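Top to bottom, those sequences are chains V and F.
Residue 20 in the numbering used here sits at position 20 of the first sequence, and the numbers go up by one each step.
Residue 138 in the numbering used here sits at position 138 of the second sequence, and the numbers go up by one each step.
What follows is a single structure, written as structure tokens, with notes after it.
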Amino acid sequence: MTDPLIDVREVSKAYDEGPAVLDRLTLTVRAGEALAVLGPSGSGKSTLLNLIAGLDRPTTGSVTVDGLRVDELSESASAKYRRSRIGMVFQFFNLLDDLTVTDNVLLPAQLSGMPRAQAAARAAELLAYLGIDRHAQGYPGRLSGGERQRVAVARALMNRPPLLLADEPTGALDTASGADVRDLLRELNADGQTIVLVTHDLALAESCATRTIEFLDGRIARDVSAVAR
Amino acid sequence: MSGRAVTRRGVVGGTGRGALGRVVRAGVGRRRAQTVVIVLTTLFSVAASVLAVGLLVASRAPFDRAFAQQQGAHLTVQFDGSAVSRDRLATTARASGVVAAAGPFAVTSVRPQAPEDAPPAFQPAPLAVVGRPSADSDVDRVELIEGRWVGAPGEIVLEAGAGHPGTRTGERMVVGGTELTVVGVAESVGESADAWVVPTQLTALAGQRGTGQAGKAGQTGAKPRYQMLYRFTAAATVADVEAGLDAVAADMPPGAVAGSQSYLDFRQTAQENTAAFIPFVTAFALLGLAMSVLVIGIVVSGAVGAAARRIGILKSLGFTPSQVGRAYVAQALLPASVGAVLGVGLGNTLAVPLMAEVAEAYDTAVTMIPLWVDLVVPAGALALVTATAFGPALRAARLRTMDVITVGRVPSGGRGRRLRHRLGRLPLPRPVTLGMASPFARPARAATMAAAIAFGALAVTFAVGLGSTLIAVNTDGDPDRTGDVTVHTVSRPEEGPSAAAPREPADAAAVASAIVAGPEIASFHRAARTEVGVAGLTGGAPLVAYEGEGSGSGATMVSGRWFDAPGEAVAASRFLQVTGVGVGETVVLSEEGRTVRLRIVGEVFDLGDKGMAVRTDASSVAALELRFMPSAFSVEVTSGTDKARYVDELNTALEPLGAQAEITETGKSGVIRAMQALIAMLTLMLVAVACLGVLNTVVLDTRDRVRDLGVLKALGMTPRQTVTQVLTSVGVIGLVAGAVGVPVGVALHGWVMPAMGRAAGTTIPPADIDVYGAPLLGLLALAGVTIALLGALLPAGWAARTETARALRAE
């Protein structure tokens, strides 16, 4: 059996003097899995995502992604880690409104110093693959919610990261757009992309996750694989 | 509704006022960075303004007060008694524009005998002695400092500062061969005489000398000379005083007016040391005020933009637009008031050493900044702050409640998108192009920041120019600094008991022979000094007579050229102003009735001797048979000579002669040192204000763009890339601002330096004003960028350390 892509061991996280948001959490995710993290607000779902992305550090425990101890990285190393190994998709898209769709998608490549021609070709390929190439020179503010989320996914995949993190990717979308994004994530996972998504959307979890875990008070209350389901 | 009643006008009465106060206090406390910026900005501006206005007022106060008390003469005129009678002169008191007159008083010029304890070859300056029966008069009420007025022949009253230093009441002095007792020391603010005797004594003095020359010299023989003192209805300007002179001299026979002196010249002399500070301190103060307006505008405007949601909440709670507006004006006024009070303290503190330096250098009383300046300047600054804050406050008051409460910030619009897109195509790292595009998102804010940086770059350029000019002036202002080695004909006294023994000067010819004997001489000349009578001047002027080659090699000419023929001379600026003699005209020097006429061929830049020295070849004044002070030789050695070794060898030869050689050094005047210290301090203040303006703007920008920063960091932007992005965004503005500020600074320097020269009673040579070479300008062009980067460094670091997860939640 191969090593897990994500290895979270005995992780606890507390803010200031408050109670632990995550309580001695242990979790592994293998390459090719699509893990859906469910749970009520405040249960620690987004905190887990931030720890995996290197945006936050655990109070105790370790987070290893693709063989790299994320919790021990410096700020700079953490940024480089995100460039190369992580793609992130947010509930509210987090696109830069004053950059064109192409410029938004190009950002991770530009930050990591990818040659211009190579980056442009990759961006064009992604926009075409995601069906939004006609908006390449448009601005995000003129796109629908679903289209914006596709742009965000394209940006997340720009540097071919082994891991895609999605935080409520359908949370700000209407039903049709939500279904559109669900299909997209399923297709990506089918193509071998490892995905960890945090969601309240049971339909999303059921349709595109190969495994679902449910958080309650910072602990895993349930861990179900699609086969078992 | 109970308790607090809300009406259409907002929260009612005292409760509303209390709530407003709490809102203001909370606003001041919550935005500490902006509060500190306003405090420091106001502090620096008020300090510079207090200093500028205070210097202006304080420099004029002592003279004007004394002049008013003494009914000083606006014009002192000397008449040739052989050309006009006393009775005729008395009628000039009724000339047009004359409100009061005194005289005619007989006047003569005599050289007192050197006292026994004077140094070897010491020659006292000639005294202008006036025969006057009383100190009191309608014009020029001479003030007795000690003793009494003259009452009989054999008595003399000295003007304070005239005569041998340390002369006291009761001592005796020999004047023009007559022994007189000093019965008093007096002061005439218009410097109408160096000494006073009773009229009969004056006649005796003039008769013993065999000449009546005084003041406007140029004639020999026992001709009487008279002094008339006038006050005019209008005497504020040079033209007014000249008009008065024309009225007094009307219908006089040719040659009757032997000389005249305007009180404006004395006033300028009295004020010149402090007055020289005024042009540049004023320039700094105006710069400071302009920057304060800009920076406080940025701060308050930014506070409104950043607190739009808060404003919406306040308005939804019942605060009226007027209350919101007042709250934002008050949020600026509170810290500004603290800054103004501290600024008054700093301004006065800076004035203390400055005034003391000037007072020490020129032996005058220390003056302080008047109280009204300490009140009026901060009040004016706070009025300016109120006016500056009013615009943004009005904008806050007019914001629509629903708009701001839902959006949460004042929308910036989608400006500069195309440009940003094009910048993104440049072959530069993405953080750099993102930074370059940043100013175009908020062009108004960027423009204001650019203005603050431009003022900072202007200040630096101006200060560097001032400093360079002052160094040049300090070097060039001494025409005798020529030569690599200076040889004194009196060696310095040794330490110990023998130091008190007066030494005879070395024989100049022997010293010259010793110098010539050396193989490494390129050229040398001898300079000797004394005081000489000058037509039109009370008391005479310093004279420097040269022998040898290269006397003018180190002189900087304001106009004309150095003398190179017998009968030619050069003079310093003030001498030419006071005597009214121009380049190409003739001046008459006199000594004990002997006179020579010299043609002024050049105005030399000379800050020594209060700008009153005349310089000529020794042969030109040989007819005066002057006694000179011990002379000094300036020696130019050949290129490559080891000066220290040369001096050692020369001293071996000079020691038996009693002379001493040393490497020529250029000293630095106390006033120039004080100026340079003040310039450095004021520049630092303005640069600090500019940096604070940048800091505040970058803080606002970072706050506005915190989500974007979070996104970029989530996508993999490193802290260094974040810092690069922020610094590039201000660096671009700094470059543009520097390109504007530097030429304006150069222009300001070109305007202020001549004004400083005029205030100091001299003309600064163009070569000393033209100090900006291409390499210096190239360096100064970076001033804007440097200020921008300095101001942005701290907030750039904060931006880099922003917690990404929290920034992403700032939607």
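Heads up, the beta-carbon is just placed ideally off N, CA and C, and yes, glycines get one too.
Every value quoted in this text rests on a predicted model; they were computed, and no experiment measured them.
Residue-chain proximity (residue i, chain V), Cβ-Cβ < 9 Å
i        : result
Pro719/F : yes
Lys643/F : no
Thr724/F : no
Ala450/F : no
Asp701/F : no
Arg442/F : no
Arg445/F : no
Arg673/F : no
His813/F : As displayed, chain F neither begins before 1 nor continues past 811, which places residue 813/F out of reach and without an answer.
Leu727/F : no
Arg32/F  : no
Glu665/F : no
Ala459/F : no
Span separating the alpha-carbon of residue i from that of residue j
i        : j        : result
Glu636/F : Met675/F : 32 Å
Gly154/F : Thr181/F : 6 Å
Asn159/V : Leu107/V : 10 Å
Met291/F : Leu686/F : 8 Å
Val29/V  : Asp7/V   : 7 Å
Pro795/F : Leu695/F : 6 Å
Ala541/F : Gly533/F : 6 Å
Thr616/F : Val157/F : 34 Å
Leu793/F : Gly731/F : 11 Å
Ala235/F : Val485/F : 49 Å
Val689/F : Thr702/F : 20 Å
Ala396/F : Trp798/F : 27 Å
Ala195/F : Glu143/F : 13 Å
Pro392/F : Val385/F : 12 Å
Glu179/F : Pro112/F : 10 Å
Gly640/F : Val53/F  : 51 Å
Gly778/F : Ala79/V  : 38 Å
Val37/V  : Leu165/V : 11 Å
Ile298/F : Thr763/F : 41 Å
Thr802/F : Val376/F : 44 Å
Lys216/F : His74/F  : Because Lys216/F sits at a pLDDT of 32, beneath the cut-off of 50, its placement in the model cannot be relied upon, and the point is left open.
Gly761/F : Asp265/F : 9 Å
Arg645/F : Thr664/F : 14 Å
Leu342/F : Val36/F  : 13 Å
Leu776/F : Gly693/F : 26 Å
Neighbouring residues, chain B, relative to residue i (Cβ below 7 Å)
i        : result
Val711/F : Among the protein chains of the structure shown, namely V and F, there is no chain B.
9 Å Cβ cutoff, residue i in contact with chain F
i        : result
Glu72/V  : no
Phe90/V  : yes
Thr170/V : no
Glu33/V  : no
Arg155/V : yes
Ala53/V  : yes
Ala267/V : For residue 267/V there is no data in the structure shown, the boundaries of chain V being 1 and 229.
Nearest-angstrom Cβ-Cβ length linking residue i and residue j, presumed shorter than 8 Å
i        : j        : result
Phe280/F : Met756/F : 6 Å
Leu382/F : Leu333/F : 7 Å
Ala545/F : Phe628/F : 7 Å
Glu531/F : Pro126/F : 6 Å
Near the ligand GDP: residue i beta-carbon under 8 Å from a heavy atom
i        : result
Thr786/F : The model on display carries no ligand, and the ligand GDP is accordingly not part of it.
For the region 111 to 125 of chain V, which residues have a beta carbon sitting closer than 9 Å to at least one beta carbon of chain F?
Listed by position along the chain: Leu111, Ser112, Gly113, Arg116.
Along the region 132 to 149 of chain V, where does the CB come closer than 9 Å to a CB of chain F? Name the residues.
Answer set for the region 132 to 149 of chain V: Gln137, Tyr139, Gly141.
Contact the region 765 to 775 of chain F vs the region 545 to 560 of chain F: 3+ CB pairs below 8 Å:
At 8 Å Cβ cutoff, the stretches touch.
Return the residues of the region 420 to 440 of chain F that lie within a Cβ-Cβ distance of less than 7 Å from chain V, sorted by chain order.
Hits within the stretch, in order: Arg420, His421, Gly424, Arg430.
Touch check for the region 641 to 658 of chain F and the region 442 to 451 of chain F: three-plus C-beta pairs under 8 Å?
When C-beta atoms of the region 641 to 658 of chain F are compared with those of the region 442 to 451 of chain F, fewer than three pairs fall below 8 Å, so the two segments do not count as touching.
Using a Cβ-Cβ cutoff of 7 Å, what residues of the region 364 to 392 of chain F are near chain V? List them in chain order.
Residues passing the 7 Å Cβ filter: none.
Three Cβ pairs or more, each shorter than 8 Å: is that satisfied between the region 45 to 64 of chain V and the region 204 to 212 of chain V?
At 8 Å Cβ cutoff, the stretches do not touch.
Closer than 7 Å between beta carbons: that is the criterion. Which residues of the region 791 to 810 of chain F meet it against chain V?
Look at the region 791 to 810 of chain F: the residues with a C-beta under 7 Å from a C-beta of chain V are Thr804, Ala805, Leu808.
Sufficient close CB pairs (3 or more, under 8 Å) joining the region 175 to 184 of chain V to the region 140 to 152 of chain V
Cβ pair count under 8 Å is three or more, so yes.
Should the region 195 to 206 of chain V be called in touch with the region 114 to 125 of chain V, which here means at least 3 C-beta pairs below 8 Å?
Contact annotation: the region 195 to 206 of chain V does not touch the region 114 to 125 of chain V, with fewer than three C-beta pairs closer than 8 Å.
Taking three-plus beta-carbon pairs below 8 Å as touching, is the region 76 to 84 of chain F in contact with the region 319 to 332 of chain F?
In short, these stretches do not touch, since the Cβ pair count stays below three.
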